[in-house]
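Numbered continuously in our numbering, the sequence shown closes out at residue 364.
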Amino acid sequence: DSIQFAQHSSGRVTGEFLGYHREVHQQTRIPSAKDLDQSRESYAIASYPEFRYRAADGSEQRVREQRVHLFELYKPGEKVEILLSPSGYGDPRLAGFYALYLRDIAVLGTGLAFILVPMLIWYVVMSSLANPEVSAHFNLFWNRVLGEVWSMKVGFLPVRYILIFFAGFMLLGLLIAGIAGLAPYVAQLRFGSGGGLIETLERGRFEEARELIAEGANPNTTNQYHQNPLLLALEAEQQELARLLIEAGAEVNIKSKMLQTPLRVATQSGDLEMVQLLLAKGADPDAPEDENPPVAYALADKRYDIARALIEGGTDLQRGYRYENREYTVGDLTVLAKQPELSELVRQRGGRFTD
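Below you can see the structure in the form of structure tokens.
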């Protein structure tokens with residue numbers, strides 16, 4: 010991810026480091042459902058770097074990176090080099106080896122330790138077995154233990170069958186986990202015409218993307234972030250390309266790893282026509298994994314025409330959403346937004362209010 014970000018960056022600028030935003034993450038551990046009173050809480054502090062820079066249009070941009078820094082090496086007021094983000098990669102990032110790669114190297118080092126330590130143990134054991142006397146004792150011990158275990162039974166069932174079953178089950182689990190783990194890397198290889206379409210959109214080559222769509226490129230290929238061409242086009246504010254992709258059969262209910270959907274992106278962009286088109290093509294107006302539905306963003310941004318379209322498009326008006334230990338419904342949100350017409354619309358459609 011970091012290597013691709015650096016390779017595809019749209020440029021570098023000099024900015025000012027503002028400091029670290031520290032977040033305390035709390036985790037509650039409960040031994041079992043019977044021991045609720047014995048819960049234990051643990052805390053971890055995560056440091057997120059904040060910096061600002063002057064964009065090409067002269068506006069000041071302030072960014073808080075979402076990548077945790079293991080050590081707080083930068084000082085407030087320090088001049089820093091910033092990598093501008095490629096299309097589809099989110100916010101800019103601090104340049105430099107530490108900011109870009111140290112966390113990835115730490116993760117890689119931990120993974121290698123899990124491989125190298127067993128290899129070292131294996132090397133020591135095999136070196137010991139090279140001694141004929143040690144090898145003979147080991148073989149005698151191993152054959153005796155294996156013979157006893159192999160002849161044991163659990164009820165009427167031989168233990169060897171149980172061991173074979175569990176070994177097969179574990180191998181199957183490892184195979185599935187390996188395939189799932191390789192999926193993001195396979196996505197980066199960009200096989201087929203759909204992969205080319207993804208790459209052109211990420212690099213902002215929109216005319217080339219238009220040609221690929223016309224040639225029948227797969228509109229449902231995804232990248233390593235589970236973004237399809239439709240999501241990338243909407244995030245780049247390329248509405249015409251988005252319409253072409255929808256007509257070509259792009260999945261309108263795709264959900265990226267950042268929990269972004271086409272409908273949510275269109276809502277936050279204030280594009281009423283796109284919201285209506287997505288709803289007409291079967292886009293789900295609710296987002297089960299997210300704490301807020303698209304209509305909540307529409308109301309918060311005072312995009313009341315979009316909020317109306319989402320309510321009329323089938324937003325769940327019975328569901329409650331938790332915020333600061335209180336439950337809110339879509340009806341409650343319209344009341345808080347002081348939009349009586351929308352509140353009345355919710356009532357007419359049988360929506361629920363908590364107050």
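Even for Gly, the Cβ is constructed at its ideal location relative to N, Cα and C.
| Item | Value |
| --- | --- |
| Go through its chain and collect everything with a Cβ distance to leucine 287's Cβ below 8 Å, but skip five positions before and after it. | Ile255, Val261, Pro271, Leu272, Ala275 |
| Could you compute how far the alpha carbon of alanine 223 sits from the alpha carbon of alanine 257? | 9 Å |
| As a quick exercise: from Gly156, Gly187, Ile188, Thr230, pick the residue whose alpha carbon is nearest that of glutamate 208. | Thr230 |
| Whose C-alpha, out of Ile188, Ile185, Ala226, is nearest the C-alpha of glycine 205? | Ala226 |
| With DSSP run on the structure shown, which of helix, strand or coil describes leucine 121? | helix |
| Looking at the structure shown, is glycine 20 part of a helix, part of a strand, or coil, going by DSSP? | strand |
| At what residues does the beta strand (DSSP E) containing glutamate 69 begin and finish? | 69-73 |
| To the nearest angstrom, report how far apart glutamate 353 and tyrosine 306 are at their CA atoms. | 19 Å |
| If you measure between the beta carbons of glycine 24 and tyrosine 62, is that distance less than 7 Å? | yes |
| In whole angstroms, what separates the C-alpha of glycine 20 from that of lysine 84? | 23 Å |
| What does a CB cutoff of less than 8 Å around leucine 93 pick up in its chain, not counting 5 residues either side in sequence? | Ser18, Ser19, Gly20, Arg21, Val22, Pro101 |
| Lysine 264 and tyrosine 234: beta carbons closer than 7 Å? | no |
| Can you grab the Cα-Cα spacing for the pair phenylalanine 60 / serine 137, in whole Å? | 56 Å |
| Could you name each continuous alpha helix (DSSP H) segment of 4 residues or more that falls completely within the region 287-313, going from the start of the chain to the end? | 303-309 |
| Any idea which residues DSSP pairs histidine 78 with across the strands? | Answer by DSSP bridge pairing: none, since histidine 78 is not bridged. |
| Please return the same chain residues whose Cβ sits closer than 7 Å to the Cβ of arginine 317, not counting the five positions on each side in sequence. | Leu351, Leu354 |
| Just tell me which of Glu81, Asn237, Arg71, Gly279 has its CA closest to the CA of arginine 31. | Glu81 |
| Please state whether DSSP places tyrosine 29 in a helix, a strand or coil. | strand |
| Can you tell me whether DSSP reads alanine 55 as helix, strand or coil? | strand |
| For arginine 63, list the residues DSSP reports as bridge partners. | Glu69 |
| Using DSSP bridges, identify the partner residues of leucine 93. | Gly20 |
| If you draw a straight line from the C-alpha of alanine 64 to the C-alpha of glutamine 70, how long is it? | 7 Å |
| Would you kindly check if the distance between the Cβ of glycine 323 and the Cβ of proline 302 is under 7 Å? | no |
| How would you label arginine 335, buried or exposed, when you count the other beta carbons within 10 angstroms and need 16 or more for buried? | exposed |
| Using DSSP with H/G/I as helix, E/B as strand and the rest coil, what is arginine 102? | strand |
| In terms of alpha-carbon separation, which member of Pro58, Met283, Lys162 lies closest to leucine 250? | Met283 |
| Rounded C-beta distance between valine 89 and leucine 79? I'm assuming under 8 Å. | Incorrect: roughly 17 Å between the Cβ atoms, too far for contact. |
| Of the residues Arg312, Leu183, Ala292, Ala145, which one's Cα is nearest the Cα of lysine 347? | Arg312 |
| To the nearest angstrom, how far is the alpha carbon of isoleucine 320 from that of glutamate 220? | 36 Å |
| Return helix, strand or coil for leucine 129, following the three-state DSSP convention. | helix |
| By alpha-carbon positions, which one of Ser11, Gln75, Met179, Phe26 ends up nearest to serine 56? | Gln75 |
| Measure from the alpha carbon of arginine 212 to the alpha carbon of each residue in Val126, Leu183, Pro238, then state which is nearest. | Pro238 |
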